[in-house]
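Undergrad:
Number of protein chains: 2
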Amino acid sequence: MTRLNLKDIRAAHQRIGPYINTTPVLICTSLNHMAGAPLFFKCENFQKTGAFKFRGACNAVFLLSDEEASRGVVTHSSGNFAAALALAASKRGTSARIVMPSNAPEVKVAAVKGYGGIITFCEPTLKSRETTAQKVIEETGATFIHPYNDFRIIAGQGTAALELMEEIPDLDFIVAPVGGGGLLSGTAIAAKGLNPKIKVIGCEPKNADDAYRSMKAGRIIPSENPNTIADGLKTSLGDKTFPIIRGLVDEILLATEEEIISAMRHTFERMKIVAEPSAAVPLAVLLSGQLNVADRNVGVVISGGNVDLGTLFEYTPPTP
Amino acid sequence: MTRLNLKDIRAAHQRIGPYINTTPVLICTSLNHMAGAPLFFKCENFQKTGAFKFRGACNAVFLLSDEEASRGVVTHSSGNFAAALALAASKRGTSARIVMPSNAPEVKVAAVKGYGGIITFCEPTLKSRETTAQKVIEETGATFIHPYNDFRIIAGQGTAALELMEEIPDLDFIVAPVGGGGLLSGTAIAAKGLNPKIKVIGCEPKNADDAYRSMKAGRIIPSENPNTIADGLKTSLGDKTFPIIRGLVDEILLATEEEIISAMRHTFERMKIVAEPSAAVPLAVLLSGQLNVADRNVGVVISGGNVDLGTLFEYTPPTP
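Keeping their order, the protein sequence lines are chains A and B.
Counting in numbering that gives the first Met the number 0, the first sequence runs from 0 upward without gaps.
Counting in numbering that gives the first Met the number 0, the second sequence runs from 0 upward without gaps.
1) Given this structure, state the Cα-to-Cα distance separating B/E43 from B/I153, to the nearest angstrom.
2) What number of angstroms, rounded off, separates the C-alpha of B/K196 from the C-alpha of B/I244?
3) Along the beta strand (DSSP E) that carries B/F172, what are the first and last residues, could you check?
4) Using a Cβ cut-off of 7 Å, pull out every chain B residue sitting near A/V248, in sequence order please.
5) Between B/K198 and B/M214, what straight-line distance do the alpha-carbon atoms span, to the nearest angstrom?
6) Check for me: the alpha helix (DSSP H) holding A/R264 runs from which residue to which?
7) Take the Cβ of B/M0 as the centre, count every other Cβ of all protein chains shown within 10 Å, and call the residue buried at 16 or more, exposed below.
8) Applying the criterion that 16 or more other CB atoms from any shown protein chain within 10 Å of the CB defines a buried residue, is B/V135 buried or exposed?
9) Of all the residues that make up the segment 302 to 313 of chain B, which are near chain A by a beta-carbon distance shorter than 8 Å?
10) Hey, out of B/G78, B/F45, B/A88 and B/N4, whose CA is closest to B/S323's CA?
11) I think B/A210 touches B/L236, with their Cβ atoms under 8 Å apart; what is that distance to the nearest whole Å?
12) Find out if the Cβ-Cβ distance for the pair B/A82, B/T48 is shorter than 8 Å.
13) Cβ atoms of A/A254 and A/V284: under 8 Å apart, would you say?
14) For chain A, find out if any of its Cβ atoms is closer than 8 Å to the Cβ of B/L163; answer yes or no.
15) Where does the unbroken beta strand (DSSP E) through B/I200 begin, and where does it stop?
16) At a Cβ threshold of 8 Å, is A/N4 touching chain B?
17) If you draw a straight line from the alpha carbon of A/N296 to that of A/P37, how long is it in whole angstroms?
18) Under 8 Å between beta-carbons, which chain B residues line up against A/P104? List them in chain order, please.
19) Mind pulling the beta strand (DSSP E) runs of 3 or more residues that sit fully within the segment 75 to 149 of chain B?
20) Is it buried or exposed, A/G309, if we count other Cβ atoms within 10 angstroms and call 16 or more buried?
21) Is the Cβ of A/L282 closer than 8 Å to any Cβ of chain B?
22) Are the CB atoms of A/A278 and A/G304 nearer to each other than 8 Å?
23) Run through the DSSP bridge pairs and tell me what B/Y253 is partnered with.
24) Does DSSP classify B/L282 as helix, strand or coil?
25) Straight-line CA distance for A/S76 to B/A59?
26) Going straight from the alpha carbon of B/L5 to that of B/E165, what length do you get?
27) May I ask you to verify whether the segment 186 to 196 of chain B touches the segment 155 to 169 of chain B, counting CB pairs closer than 8 Å and requiring at least 3?
28) For A/I19, which residues in chain B fall below 7 Å Cβ to Cβ?
29) Answer with buried or exposed for B/R218, where buried requires no fewer than 16 other C-beta atoms within 10 angstroms of its C-beta.
30) Counting along the chain, where does the alpha helix (DSSP H) carrying A/G185 start and finish?
31) Taking Cβ positions, are A/R96 and A/G140 nearer each other than 8 Å?
32) Looking only at its own chain, which residues have a Cβ that is under 7 Å from the Cβ of B/S29, when we skip the five neighbours before and after it?
33) Enumerate in chain order the residues of its own chain whose CB-to-CB distance from A/S356 is below 8 Å, with the five nearest sequence positions on each side excluded.
34) Helix or strand or just coil, what does DSSP make of A/C27?
35) Look up A/G157 in the DSSP assignment and say whether it is helix, strand or coil.
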């Protein structure tokens, strides 16, 4: 694959169509008032495995030859991509080996196991993660699939924006979160391919602003140990996602931790949907007022809904 | 109005169409597996004011003559109907006076005020509520609208089931919560009107089982000070809702507090939607296994999403 374009996104959509949820586009009057513009939320929190990641994982897995598929796939991830690849592999009738750090939250481990993923634990370091993955590849012949820095993944992630713009064709803006850049680059390819005039805005936590700084500098500047509640956006751009984003994305804007939490609260209280912190970053940017969207149609990608709800459901018997 | 039928529900739908949200029907693969049947969730938590109550309130308010409307409406409610009537009145360009107990939660008071409702506080007793409402009626000439024991309200509430069955025509069951019975009686009229073979099941907290007991006894037996987390279902059937439910509803089934909380947790964690405890009661019944729905199509009314999320969004700055 040389240079991804709208055709690739359409082909990916055709390929993964039988497996994914066509997620709804929701609107919320009170958030429209707060943002001063009509917002159209593409709810990928309702996607299978609770996040858009399943789109890319499906596309990559169904692009394998039968021979490749017979040897399985492998990735390293402790987040949404791990569960997504496990389910995608099971849909293809093959196995997914997931390299996870030994300190991964129990709930994430359970999710991967629940979708049939085979977990190999490693030390929680980049080096251990990579050598462990390499070892699994050597032992099994499995195909490595990177969570975002992979054209198959990028094409799959772009299908969410494709669906959104086919349902709401007259968007003036589309805003999406950016971590490693798989979703944002796929979104930009789909959106600009369908409407070259649309403005594509990447939204990033201020505490993990590598995309913002990389765009300014014109080269990849990774985040170093970023600390943000938006745990899905701690990763830094890769050499495949950065050039696409640099070429097609109009702007990267930042949200503070307080703005992210407030936006997440609005998704629960106003929209009545469960959005994870990373998914609330675009709304946080919109409500911060730093982007002038007055009365323009704005598409917003809600990227996922996998959030630890803590003690919310602890049972206290009613007092008689 | 003598006897409500499907025509009345259709007329109500026509009347309120410009004001309500046509809420989406969501499906959730993992809940289908758990229930052993395809479930179709009609998401009234996405309705304006966060609950189905807005449908009935709108229908009642838009049925008023201009002369009646000029004098406003009044109700007593500390829950979802208060906010619904306030917004419906503002859509009609009139005023809503809401009699609320002095100990109503601040968040409910704020919601009513936010929709432009005029609050009159009363003592938290049935007697004070009724005499205060009577006083407001005498002073203003406002029309009293009961939260559920009113044919205009019942017809409006039935429009949710109408939309659900027009979208998913081949339902074998429809399950809805029952408190005062406005939603359940409207649901039964719409559902049996469209398909006389459909089974209509009312779902009630075991701790507030007046509908269950009333159906067995053949007469209204009110709950006395029921104590359940499903606060929207503490009310008892009225003389207008009971005969409809007795005539059309196939069965009332009960859920324990633990089952309700567990079902609510599933709506958050699996469906990624915010459902209030009352809205989770039908799912609680389905997952309890007491109803044989194996492989049958089941419509489920998610009645609302107004829930106090407690300390979930308290901000703790990340440790550096």
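A virtual CB, placed ideally from N, CA and C, is assigned to each residue, including glycine.
TA: So, from the listed chains and residues:
1) Position 44 of the second sequence holds residue 43 of chain B. Position 154 of the second sequence holds residue 153 of chain B. If you take the alpha carbons of B/E43 and B/I153, they lie about 15 Å apart.
2) Translated into positions along the second sequence, residue 196 of chain B becomes position 197. Translated into positions along the second sequence, residue 244 of chain B becomes position 245. Rounded to whole angstroms, B/K196 to B/I244 spans 16 Å at the Cα level.
3) By 1-based counting over the second sequence, the position of residue 172 of chain B is 173. Looking at the DSSP string, the run of the beta strand (DSSP E) that includes B/F172 is F172 to P176.
4) Looking up residue 248 of chain A in the first sequence gives position 249. None at all; the shortest Cβ gap to chain B is about 26 Å.
5) As a first step, residue 198 of chain B must be located in the second sequence, where it is residue number 199. As a first step, residue 214 of chain B must be located in the second sequence, where it is residue number 215. If you take the alpha carbons of B/K198 and B/M214, they lie about 16 Å apart.
6) In the first sequence, the residue the question calls residue 264 of chain A occupies position 265. Its alpha helix (DSSP H) spans residues E256 to E268.
7) Taking the second sequence and counting its residues from 1, one reaches residue 0 of chain B at position 1. For B/M0, the predicted structure reports a pLDDT of 42, less than 50, and the residue's modelled location is therefore unreliable. The matter cannot be settled from this model.
8) Here the question's residue 135 of chain B lines up with position 136 in the second sequence. B/V135 should be labelled buried.
9) Here the close residues are G304, L308, G309, L311 and F312.
10) Any answer about residue 323 of chain B is impossible in this case: the structure gives chain B only from 0 up to 319.
11) Position 211 of the second sequence, counted from the first residue, corresponds to residue 210 of chain B. Position 237 of the second sequence, counted from the first residue, corresponds to residue 236 of chain B. Confirmed, Cβ separation roughly 6 Å.
12) Translated into positions along the second sequence, residue 82 of chain B becomes position 83. Translated into positions along the second sequence, residue 48 of chain B becomes position 49. Yes, they are a contact pair.
13) Counting from one through the first sequence, the residue named residue 284 of chain A turns up at place 285. Counting from one through the first sequence, the residue named residue 254 of chain A turns up at place 255. Closer than 8 Å, so yes.
14) If you number the second sequence from 1, residue 163 of chain B lands on position 164. Taking Cβ atoms only, chain A never reaches closer than 8 Å to B/L163, which makes this a no.
15) Translated into the one-based positions of the second sequence, residue 200 of chain B becomes position 201. Here the beta strand (DSSP E) through B/I200 covers K198 to P204.
16) Here the question's residue 4 of chain A lines up with position 5 in the first sequence. Answer no: the Cβ-Cβ gap between A/N4 and chain B never drops below 8 Å.
17) Sequence index remark: in the first sequence, residue 296 of chain A carries index 297 (1-based). Sequence index remark: in the first sequence, residue 37 of chain A carries index 38 (1-based). Rounded to whole angstroms, A/N296 to A/P37 spans 5 Å at the Cα level.
18) Translated into the one-based positions of the first sequence, residue 104 of chain A becomes position 105. In chain order: nothing, as chain B lies at least about 14 Å away.
19) 95 to 100 and 117 to 121
20) By 1-based counting over the first sequence, the position of residue 309 of chain A is 310. Classification for A/G309: exposed.
21) In the first sequence, residue 282 of chain A corresponds to position 283, counting from 1. Judged by the 8 Å Cβ criterion, A/L282 is not in contact with chain B.
22) Numbered from 1 along the first sequence, position 279 holds the residue referred to as residue 278 of chain A. Numbered from 1 along the first sequence, position 305 holds the residue referred to as residue 304 of chain A. Yes.
23) Here residue 253 of chain B refers to the residue found at position 254 when the second sequence is read from its first residue. Note on residue identity: the sequence assigns Leu, not Tyr, to residue 253 of chain B. DSSP, once it has assigned bridges, lists B/E203 as partnering B/L253.
24) Taking the second sequence and counting its residues from 1, one reaches residue 282 of chain B at position 283. Here B/L282 sits in helix by DSSP.
25) Here residue 76 of chain A refers to the residue found at position 77 of the first sequence. Here residue 59 of chain B refers to the residue found at position 60 of the second sequence. Roughly 54 Å between the two C-alpha positions.
26) Indexing the second sequence from 1 puts residue 5 of chain B at position 6. Indexing the second sequence from 1 puts residue 165 of chain B at position 166. If you take the alpha carbons of B/L5 and B/E165, they lie about 13 Å apart.
27) Short answer: they touch.
28) Sequence index remark: in the first sequence, residue 19 of chain A carries index 20 (1-based). Here the premise fails: no neighbours, minimum Cβ distance about 11 Å.
29) Position 219 of the second sequence, counted from the start, is the residue given in the question as residue 218 of chain B. Classification for B/R218: exposed.
30) One-based indexing of the first sequence puts residue 185 of chain A at position 186. Unbroken alpha helix (DSSP H) run through A/G185: G181 to L193.
31) Residue 96 of chain A sits at position 97 when you count from the first residue of the first sequence. Residue 140 of chain A sits at position 141 when you count from the first residue of the first sequence. Going by C-beta atoms, A/R96 is not nearer than 8 Å to A/G140.
32) Stepping through the second sequence from its first residue, residue 29 of chain B is reached at position 30. When the five nearest sequence neighbours on each side are left out, the beta carbons in the same chain lying within less than 7 Å of the beta carbon of B/S29 are those of R269, in order along the chain.
33) Since the first residue shown for chain A is 0 and the last is 319, residue 356 of chain A is missing from the structure and cannot be characterised.
34) The residue you call residue 27 of chain A lines up with position 28 of the first sequence. It is coil, neither helix nor strand.
35) Residue numbering aside, residue 157 of chain A sits at position 158 when the first sequence is read from its first letter. Note: A/G157 maps to helix in three-state DSSP.
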